[in-house]
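Peer 1:
Residue numbers (my numbering): 15 to 1009.
1) Please confirm whether residue 313 and residue 389 have their CB atoms less than 8 Å apart.
2) Using 8 Å as the threshold, is the C-beta distance between residue 540 and residue 275 below it?
3) Can you tell me the Cβ-Cβ gap for residue 409 and residue 459, rounded? I've got them flagged as a contact below 8 Å.
4) With a Cβ-Cβ cutoff of 8 Å, do residue 29 and residue 117 count as a contact?
5) Of the residues 929, 921, 937, 981, which one's Cα is nearest the Cα of residue 953?
6) Here's a check: name, in chain order, each residue in its chain whose Cβ is nearer than 7 Å to the Cβ of residue 751, leaving out the five neighbours to either side.
7) What are the start and end residues of the beta strand (DSSP E) that includes residue 994?
8) With DSSP as the reference, please indicate the residues paired to residue 440 in a beta bridge.
9) How would you label residue 962, buried or exposed, when you count the other beta carbons within 10 angstroms and need 16 or more for buried?
10) Specify the secondary structure class of residue 780 as computed by DSSP and reduced to three states.
11) With three or more C-beta pairs closer than 8 Å as the rule, is the stretch 720-736 touching the stretch 821-839?
12) From the DSSP output, read off the bridge partner residues of residue 378.
13) Residues in its own chain within less than 7 Å of residue 21 by CB, not counting five upstream and five downstream?
14) In three-state DSSP terms, what is residue 712?
15) Measure the C-alpha to C-alpha separation of residue 32 and residue 40 and round it to an integer number of angstroms.
16) So who's on the other strand from residue 896, going by DSSP bridges?
17) Looking at chain B, is there any beta carbon in it that lies within less than 8 Å of the beta carbon of residue 155?
18) Any contact between the stretch 619-630 and the stretch 591-604? By contact I mean 3 or more CB pairs, one from each, below 8 Å.
19) Compare the C-alpha of residue 965 against each of 908, 924, 933 and name the closest.
20) First and last residue of the beta strand (DSSP E) that includes residue 108?
21) Within the continuous alpha helix (DSSP H) that includes residue 408, where are the two ends?
22) Please classify residue 929 as buried or exposed, where buried requires at least 16 other C-beta atoms within 10 Å of its C-beta.
23) Can you list, in chain order, the residues of its chain whose CB lies under 7 Å from that of residue 404, leaving out five sequence neighbours each side?
24) Since residue 315 is in the beta strand (DSSP E), which residue starts that stretch and which ends it?
25) Quick one: Cα of residue 122 to Cα of residue 466, how far?
26) What span of residues does the beta strand (DSSP E) with residue 670 cover, start to end?
27) Going by the DSSP bridge assignment, what does residue 340 pair with across the sheet?
28) Closest by CA to residue 1066, which one among 804, 776, 823?
29) Which of the three DSSP states is assigned to residue 33 in this structure?
30) For my contact list, residue 417 and residue 145 are in at a C-beta cut-off of 8 Å; report their separation, rounded to the angstrom.
31) Beta strand (DSSP E) containing residue 157: first to last residue?
32) Report the three-state DSSP secondary structure of residue 172 (helix, strand or coil).
33) Should residue 551 go down as buried or exposed, given a rule of 16 or more other Cβ atoms within 10 Å for buried?
34) Give, in chain order, every unbroken run of the beta strand (DSSP E) that is at least 3 residues long and sits entirely within the stretch 927-963.
35) If we count Cβ pairs, one from each stretch, closer than 8 Å, do we get three or more for the stretch 315-328 versus the stretch 371-380?
36) According to DSSP, which residues form a beta bridge with residue 802?
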């Protein structure tokens, strides 16, 4: 199988033309210089060696010509223009997985075709990338020869023991491409005493008649291409090393540049995603639900900045009968039993030491032996159980994709990152590889998964008992160590030491073989330090099984699997329906998306939701039928100033809600000179603004008092009847309560074991940011009994104030004690909730209200003291008869009533009762809806409090709601002021109550 390359991808051609365009106007020419012959060698080693004439690149353009070319390219590509020509350093930014290696290799041939340049050096940061570039040169050689008339070229990896290659580089008239690791020429010393410490390339050689190899290179004036500059030229030493090559120019290619020189072309992660040039990302996370049966403590940070020394920890806190995980600050002597809201399982966890030495931070406890280091947690679910589930889910995702993609000739690969190699493979004293815990877990889970009937077609004729051992392998540095006998310990799973069959070659060098169905290997385990340099187009799942808290950058993690996949014919298969990368994250998908967005902002300098001054410069302006111009930088700046003045963007260019509203309604205000370009301007702005859905703040309005009603004697009379506060007393039958509670617990208690919740979401990336939307959720039970059972009776006694005898009777009669062992905390929470709920409902039947006294009431002034807001289009309606000029309603039923009150001649005035008007009940406070003054036949006045509900059938009301309404009735009865209390669902029904 051979990977095929498509020479006609527009975005790649644009990048190649952008680089070649720098030298537009340059004629084909070269420089010549003399090269001393190599000493002590037979001339026939390399044909043509007797040639002592060196050939180099030569630039004839003036700096101002190049500056003009650069600005033209930047304008076309929508980039900020370079103000001055201060260096020959150029930058090309391309998202990982979009073929930057192909682009810079083809740019070499293009520059040779147009301008005759022949000397090129590719500088790489690491061995892995050096291997990758060498491999790319090998597999593209045929492709480039077809494209460029069979041009002769010589590509080699620099090796300090083969100096004849360097001489040949200088003298050959053909295209010369040298791949060199920065470490091979970073150490140079001007001090001759220390010369033996310098790289060989910088040392004088007898064979070169005293010359240094680097001098041959300098004379050629090579074009230097830096691959992953953020890892190559970050120090002053390496910058100096690159200058020592005497480059004609340097071209830097990466997805994440630190120093951005003259930017020629930019294809960032958002462009790549929107044009579907990379895989779509899907994030899956595993979270634990209801696992609160152990004392969970996680040390987040320590601080000795001021006295006393403190630590920030995360614990499970009990509040109102339920458990929430929260951060708290503690100091020495703090008792976590108190801090957790009285949870017994924290008994004995009293903070003793808080130790702040950097790199050795910890906390310890007085009565418990545990020492908790920074970032560590105790009382969590067993980490190995969690990892096992991640492995299981990765295998399932893999097999599901294999079912879909294998018929299309696509081999599916999965990549596991681990941070401790011994977890996958370790060696005994004789150098024999042994399986680590993750390898064993993988084989168990794989063997289990493939027995599912739905995967039968994938394993026809295979021995299901042995197949698992052959589908996974890993490559780690430890594999290259020598055993006791001095042999290399690099062995594949079968134990043969044949180097050509080794896992290293298959994973690192033989990309095509790995992609073919002939190779059984599908699951690759790798050390998480494998950052850049290795990737494979057919990686569809990435799972990180790290045990430490070392954070791999999200972009590095996904970068290994972003490329568009290939089929068995070596052709790329496009489209998101095939190309979806599933990342098994160690956190929720929301956190993952948030972190990914932060990294993209930091590393690529993309400002999500920000309009930059040059944003409109490359909008195309037709001159006539054949020619176009661009809007240009000055016009773009003018348009930006207009957007700022009108308040569409702030001073930093951040998109404001007013711009989103204008774009949504199609009412964007533009100066007259830009009107004809409005469609393009709107399209550009929509892309930057992202999601246009916003809550319309302009509709938010403060509601004012309607003084005519508020100050009228009629309203005062109405208010004086309903304003008084009451208190209540209750009595109930304990025996009946106990049996009702037992009955409810028996029927409604649902105590599952702790669960792992697996949630998966599609990540969408656009100019507005990274958004994740959930697409799937599944639950798995977590079988764990390694916890102590808490004191159930005492806990329930504290929560309910019932006697121990009553609680024991309720638990025994319910017959559900067995569920307690499954998940003690969940059992306690639910039983406590059921008992409290039944108590509340019971007490309503025996409730009696009493007016507290004439000086306990809600003052009428509270209406003017409390501000009220609503949204014009959403929840408020104008009013003449109410205390306020608008009624803010909570439901459609309330809107109907407000409208009916306004229409009816019987209703003299009314008020929607504010939320500060509360009646105390055993089930919490109750806030009725309306108070109304009615005048029948112009004579008799009636005073009402009205509760509006969508249904009058009490069965359909929630029990709590029903009980609160019953309490309201009793409250107004106790006031004895001839106030009617009505529950109604329509105005017609209500009018029947007073007519």
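All residues carry an ideal CB built from backbone N, CA and C; glycine is no exception.
This one's a predicted model, so the numbers in the text were calculated from it and none came from an experiment.
Peer 2: Here's the rundown:
1) yes
2) no
3) 6 Å
4) yes
5) 921
6) 852, 853, 856
7) 993-998
8) 448
9) buried
10) strand
11) no
12) 385
13) 161
14) For residue 712, the pLDDT reaches just 48, beneath the cut-off of 50, and the residue's location in the model is therefore unreliable, although a value from the coordinates is still provided. In the structure shown, residue 712 sits in a helix (DSSP, three-state: H, G or I).
15) 15 Å
16) 924
17) Protein chain content of the structure displayed is limited to a single chain, and chain B is not contained in it.
18) no
19) 908
20) 103-108
21) 397-419
22) exposed
23) 300, 557, 559, 598
24) 311-317
25) 52 Å
26) Note, residue 670: premise wrong, no beta strand (DSSP E); not H, not E.
27) 329
28) Absent from the structure is residue 1066, since the part of the chain shown begins at 15 and ends at 1009.
29) helix
30) In fact, because the Cβ distance is near 33 Å, the residues do not count as touching under 8 Å.
31) Per DSSP, residue 157 belongs to no beta strand (DSSP E); it is in the alpha helix (DSSP H), 141-161.
32) coil
33) buried
34) 933-935, 938-940, 944-950, 954-962
35) yes
36) Answer by DSSP bridge pairing: none, since residue 802 is not bridged.
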